[in-house]
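Numbering-wise (the numbering used here), the sequence shown opens with residue 2 and increments by one. The beta carbon of each residue, even a glycine, is placed where N, CA and C say it ideally should be.
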Amino acid sequence: MKRLLALLAFAPLFSGCFLAAAAGAGYVVSQQVLPNHVHVAQVALDVDQVWPSVKETVGFYQEPGSEPTVQDSPRTIHAKVDGAKVTIEVEAIDLDRTTIRVSAEKYSGLSKDNATAAEVMSGILERLEKR
(Lines of atoms letter the chains of each structure in order from A and count residues from 1; the text may use other names and numbers.)
(Lines give C-alpha, C1' and ligand atoms only; values in the text may rest on other atoms or scores of the structure.)
Protein backbone atom coordinates (compact mmCIF):
# COMPACT_ATOMS: atom_id res chain seq x y z
CA MET A 1 0.00 0.00 0.00
CA LYS A 2 2.83 2.39 0.86
CA ARG A 3 4.42 1.74 -2.56
CA LEU A 4 1.20 2.64 -4.30
CA LEU A 5 0.94 5.90 -2.35
CA ALA A 6 4.55 6.73 -3.16
CA LEU A 7 3.94 6.13 -6.88
CA LEU A 8 0.79 8.22 -6.81
CA ALA A 9 2.70 11.03 -5.12
CA PHE A 10 5.16 11.15 -8.04
CA ALA A 11 2.51 10.79 -10.79
CA PRO A 12 1.92 14.55 -11.15
CA LEU A 13 5.64 15.08 -11.68
CA PHE A 14 5.77 12.55 -14.49
CA SER A 15 2.68 13.85 -16.24
CA GLY A 16 3.99 17.42 -16.03
CA CYS A 17 7.30 16.37 -17.55
CA PHE A 18 5.45 14.57 -20.31
CA LEU A 19 3.40 17.69 -21.08
CA ALA A 20 6.50 19.86 -21.10
CA ALA A 21 8.25 17.44 -23.45
CA ALA A 22 5.21 17.28 -25.70
CA ALA A 23 4.87 21.07 -25.79
CA GLY A 24 8.51 21.45 -26.78
CA ALA A 25 8.21 18.83 -29.50
CA GLY A 26 6.65 21.04 -32.16
CA TYR A 27 3.99 23.39 -33.37
CA VAL A 28 0.94 21.05 -33.36
CA VAL A 29 -1.23 22.05 -30.42
CA SER A 30 -3.94 19.44 -30.96
CA GLN A 31 -5.06 16.97 -33.57
CA GLN A 32 -8.27 14.96 -33.73
CA VAL A 33 -10.70 13.23 -36.05
CA LEU A 34 -14.30 14.42 -35.75
CA PRO A 35 -17.41 12.52 -36.85
CA ASN A 36 -17.67 12.06 -40.62
CA HIS A 37 -13.87 11.65 -40.76
CA VAL A 38 -13.09 15.37 -40.56
CA HIS A 39 -9.42 15.70 -39.58
CA VAL A 40 -8.72 18.79 -37.47
CA ALA A 41 -5.37 20.14 -36.35
CA GLN A 42 -4.61 23.26 -34.40
CA VAL A 43 -1.12 24.65 -34.93
CA ALA A 44 0.86 27.31 -33.12
CA LEU A 45 1.56 29.29 -36.29
CA ASP A 46 0.03 32.42 -37.74
CA VAL A 47 -2.57 31.93 -40.46
CA ASP A 48 -0.41 34.01 -42.83
CA GLN A 49 2.27 31.29 -42.59
CA VAL A 50 -0.12 28.36 -42.74
CA TRP A 51 -2.36 29.38 -45.68
CA PRO A 52 0.39 29.67 -48.36
CA SER A 53 1.90 26.39 -47.21
CA VAL A 54 -1.48 24.61 -47.40
CA LYS A 55 -2.09 25.91 -50.94
CA GLU A 56 1.36 24.73 -52.00
CA THR A 57 0.90 21.31 -50.40
CA VAL A 58 -2.42 20.70 -52.16
CA GLY A 59 -0.57 21.12 -55.46
CA PHE A 60 1.46 17.99 -54.67
CA TYR A 61 -1.62 15.87 -53.93
CA GLN A 62 -4.11 16.97 -56.59
CA GLU A 63 -4.83 14.68 -59.51
CA PRO A 64 -2.95 15.43 -62.74
CA GLY A 65 -4.97 17.63 -65.06
CA SER A 66 -7.17 18.98 -62.28
CA GLU A 67 -7.03 22.43 -60.73
CA PRO A 68 -7.95 23.11 -57.12
CA THR A 69 -10.57 25.75 -56.35
CA VAL A 70 -9.03 28.24 -53.94
CA GLN A 71 -11.13 30.75 -52.02
CA ASP A 72 -9.27 33.30 -49.89
CA SER A 73 -12.22 34.42 -47.78
CA PRO A 74 -13.00 32.18 -46.00
CA ARG A 75 -9.78 30.27 -46.62
CA THR A 76 -11.05 27.12 -48.37
CA ILE A 77 -9.63 24.77 -51.01
CA HIS A 78 -11.52 22.12 -52.98
CA ALA A 79 -9.35 19.63 -54.88
CA LYS A 80 -9.50 16.15 -56.42
CA VAL A 81 -7.10 13.73 -54.71
CA ASP A 82 -7.03 10.00 -55.51
CA GLY A 83 -10.59 10.12 -56.86
CA ALA A 84 -11.92 11.93 -53.80
CA LYS A 85 -13.22 15.47 -53.46
CA VAL A 86 -11.09 17.00 -50.70
CA THR A 87 -12.07 20.13 -48.78
CA ILE A 88 -9.50 21.99 -46.71
CA GLU A 89 -10.43 24.90 -44.45
CA VAL A 90 -7.90 27.12 -42.70
CA GLU A 91 -9.10 29.42 -39.94
CA ALA A 92 -7.28 31.94 -37.76
CA ILE A 93 -8.14 31.32 -34.12
CA ASP A 94 -5.79 33.88 -32.59
CA LEU A 95 -2.43 35.43 -33.28
CA ASP A 96 -0.07 32.47 -33.85
CA ARG A 97 -2.93 29.93 -33.57
CA THR A 98 -4.57 28.39 -36.66
CA THR A 99 -7.05 25.55 -37.20
CA ILE A 100 -6.85 23.30 -40.28
CA ARG A 101 -9.76 21.03 -41.26
CA VAL A 102 -9.51 18.34 -43.95
CA SER A 103 -12.36 16.16 -45.20
CA ALA A 104 -12.68 13.91 -48.24
CA GLU A 105 -15.65 12.36 -50.02
CA LYS A 106 -15.93 9.71 -52.73
CA TYR A 107 -18.77 8.60 -54.96
CA SER A 108 -20.48 12.02 -55.18
CA GLY A 109 -20.48 12.47 -51.43
CA LEU A 110 -21.98 9.09 -50.59
CA SER A 111 -18.85 7.88 -48.80
CA LYS A 112 -16.38 9.67 -46.54
CA ASP A 113 -12.74 8.91 -47.39
CA ASN A 114 -10.84 8.85 -44.12
CA ALA A 115 -7.58 7.56 -45.66
CA THR A 116 -7.31 10.41 -48.17
CA ALA A 117 -8.19 13.04 -45.57
CA ALA A 118 -5.55 11.62 -43.22
CA GLU A 119 -2.94 11.54 -45.99
CA VAL A 120 -3.55 15.17 -46.98
CA MET A 121 -3.52 16.37 -43.34
CA SER A 122 -0.28 14.49 -42.72
CA GLY A 123 1.29 16.11 -45.79
CA ILE A 124 0.19 19.58 -44.68
CA LEU A 125 1.61 19.14 -41.19
CA GLU A 126 4.89 17.69 -42.50
CA ARG A 127 5.30 20.64 -44.86
CA LEU A 128 4.59 23.13 -42.06
CA GLU A 129 7.19 21.42 -39.92
CA LYS A 130 9.85 22.03 -42.60
CA ARG A 131 9.14 25.77 -42.71
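Residue j beta carbon less than 8 Å from that of residue i
i           : j          : result
residue 102 : residue 54 : no
residue 117 : residue 82 : yes
residue 109 : residue 88 : no
Nearest residue (CA-CA) to residue i, options the options
i          : options            : result
residue 49 : 97, 123, 69 and 65 : 97
residue 73 : 37, 90, 63 and 124 : 90
Inter-residue CB distance, residue i and residue j (contact presumed, cutoff 8 Å)
i           : j           : result
residue 92  : residue 100 : 5 Å
residue 65  : residue 79  : That belief does not hold up - the Cβ atoms of residue 65 and residue 79 are roughly 17 Å apart, past 8 Å.
residue 126 : residue 29  : 6 Å
Alpha-carbon spacing of residue i relative to residue j, whole angstroms
i           : j           : result
residue 24  : residue 44  : Its pLDDT being 36, under 50, residue 24 is placed unreliably by the model, and nothing is read from it.
residue 59  : residue 121 : 8 Å
residue 33  : residue 113 : 16 Å
residue 67  : residue 57  : 15 Å
residue 143 : residue 63  : Missing from the structure shown is residue 143; the chain here goes from 2 to 132 and no further.
Buried versus exposed, by CB contacts within 10 Å (16 or more), residue i
i          : result
residue 95 : exposed
residue 76 : buried
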